[in-house]
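Undergrad:
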Amino acid sequence: MTEESSTYRIDVSVLSEYLPLESDSATARFVFSYTVTLRNLGTVTARLLSRHWVITDGEGHVQEVRGEGVVGEQPTLEPGATYTYSSGAMLETPVGSMRGSYQMVAEDGTHFEAEIPVFTLAVPSQLH
1 MTEESSTYRI DVSVLSEYLP LESDSATARF VFSYTVTLRN LGTVTARLLS
51 RHWVITDGEG HVQEVRGEGV VGEQPTLEPG ATYTYSSGAM LETPVGSMRG
101 SYQMVAEDGT HFEAEIPVFT LAVPSQLH
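In the UniProt record's numbering, the protein residues as written are 1 to 128.
1) Do the segment 3 to 19 and the segment 59 to 70 make contact, defined as three or more Cβ pairs closer than 8 Å?
2) So what does DSSP say about residue 106, is it helix, strand or coil?
3) Please work out which residues of its chain come closer than 8 Å, Cβ to Cβ, to residue 108, disregarding the five sequence neighbours upstream and downstream, and give them in chain order.
4) Please give me, in chain order, every unbroken run of the beta strand (DSSP E) with length at least 3 that falls completely inside the segment 25 to 70.
5) On the three-state DSSP scale, how would you describe residue 21?
6) Would you say the segment 112 to 120 touches the segment 72 to 82, given that touching needs at least three Cβ pairs under 8 Å?
7) How is the beta strand (DSSP E) around residue 87 delimited, first residue to last?
8) Once DSSP output is grouped into helix, strand and coil, what is the label at residue 124?
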């Protein structure tokens, strides 16, 4: 691991959940919630500036979403700190995936990205 990668290091983990009461398979509306936890494993304080999501449904259709912050916030994480938030996504298929990145700025002015690993959105009965 290089010095730079250990200085600017945000770990991202995601848990997703299907929301059956919000969904309607007859109208191809499949709603999911996801909870993201960011942990600053680096050695400098960093602030989340913006996000970039790549959402892919079960038919391979891709939607990209970009925006400032997350859930109306631009959290600052000191070394060792965590930040957790929940949001949601809607698909027209019962299975899909999401991945992306957060654009961060460290207290020393260095801009870097924190990768959001790919995770699955799936109606439980759809995966074996």
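The beta carbon of each residue, even a glycine, is placed where N, CA and C say it ideally should be. All values derive from a computational prediction rather than experimental measurement.
TA: In this structure, then:
1) no
2) strand
3) 44
4) Correct list: 30 to 40, 46 to 57, 62 to 68.
5) helix
6) Cβ pair count under 8 Å is below three, so no.
7) 82 to 91
8) helix
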